[in-house]
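Just so it is clear: in the first sequence, position 26 is 6 by our numbering, and no numbers are missing.
Just so you know, even glycine gets a beta-carbon here, dropped at the ideal spot from N, CA and C.
This structure is a prediction, so every number in the text was calculated from the model and none was measured.
Everything below concerns the one structure shown next.
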Amino acid sequence: MEPAHWPSEHSDALRDYFLKGLSYAEIGRQINARFGTAYTRNAVVGRAKRLGLIVQVRMTSPSIVPVLPSGACLILPHRPALLNLPPKSAMKPAAQVKLRCVGVQPRLVPLVELAAEDCRYPYGGDKDGEEITFCGHPSEPGSSYCTPHARLTRRAGAGSARVAGPVVLRLVSAA
DNA sequence: CCCTGATTCGC
DNA sequence: GCGAATCAGG
């Protein structure tokens, strides 16, 4: 990794997605797809936190209430009904966020030319006003995506990449 | 089992 | 500051 620091574009995208309500994993995948990076969701979370997007609730155990005035009780005098920032929970607008970027070359088929068996994997949804095209690769039966995209929707790296594991410590009982 | 969120810790 | 490892919940 050359850039030890997040480019502003990445941070901007992160903030955008974050405020949009996407999950960290999705944000990470989106950013990775768009910029060709390899941020893990951990990285996204960590970055988001450091960036100040994440609400840090400082709840230390002891003495949550520093002072307890005999008469004055500050029991939430104000009730801000709605906050500017959407709560990290209770929101699922982007149910199925499409992903992109895989080792595949999308045919970028326009919607009008998209066949029934073509992988409906959106490309170009990054920028507003940009034409959205689709992967167009033959999709798996029963799925709307081609193999790589279908699996991209799921987990990454796994699948046929179970190598590089923690070795197979094999005891050679040579004698 | 899979997923995600959030924190901690070493680099 | 960065991100992997790790823990915790669904």
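Can you give me the C-alpha to C-alpha distance between residue i and residue j, rounded to a whole angstrom?
| i | j | result |
| --- | --- | --- |
| Gly26 | Leu(-6) | 11 angstroms |
| Val24 | Glu(-11) | 14 angstroms |
| Cys126 | Trp(-14) | 32 angstroms |
| Cys115 | Asp98 | 7 angstroms |
| Leu33 | Val92 | 39 angstroms |
| Ser(-9) | Thr113 | 26 angstroms |
| Gly8 | Leu94 | 28 angstroms |
| Tyr19 | Glu6 | 11 angstroms |
| Val35 | Ala28 | 10 angstroms |
| Asp(-4) | Phe15 | 15 angstroms |
What distance in whole Å lies between the Cβ atoms of residue j and residue i, which are believed to be in contact at a cut-off of 8 angstroms?
| i | j | result |
| --- | --- | --- |
| Leu2 | Gln10 | 7 angstroms |
| Tyr4 | Arg30 | Between Arg30 and Tyr4 the Cβ distance is about 13 angstroms, and since that is not below 8 angstroms, they are no contact. |
For a test of the three-state rule: what should DSSP assign to residue i, helix, strand or coil?
| i | result |
| --- | --- |
| Glu(-11) | helix |
| Ile34 | coil |
| Tyr19 | coil |
| Leu94 | coil |
| Leu2 | coil |
| Arg(-5) | helix |
| Ala74 | Reliability fails at Ala74, whose pLDDT of 44 lies under 50, so the model's placement of it is uncertain and the value that follows must be treated cautiously. It is coil, neither helix nor strand. |
Should residue i be counted as a contact of the ligand NAD given a C-beta to heavy atom distance under 8 angstroms?
| i | result |
| --- | --- |
| Tyr101 | This structure lacks the ligand NAD; in fact it carries no ligand of any kind. |
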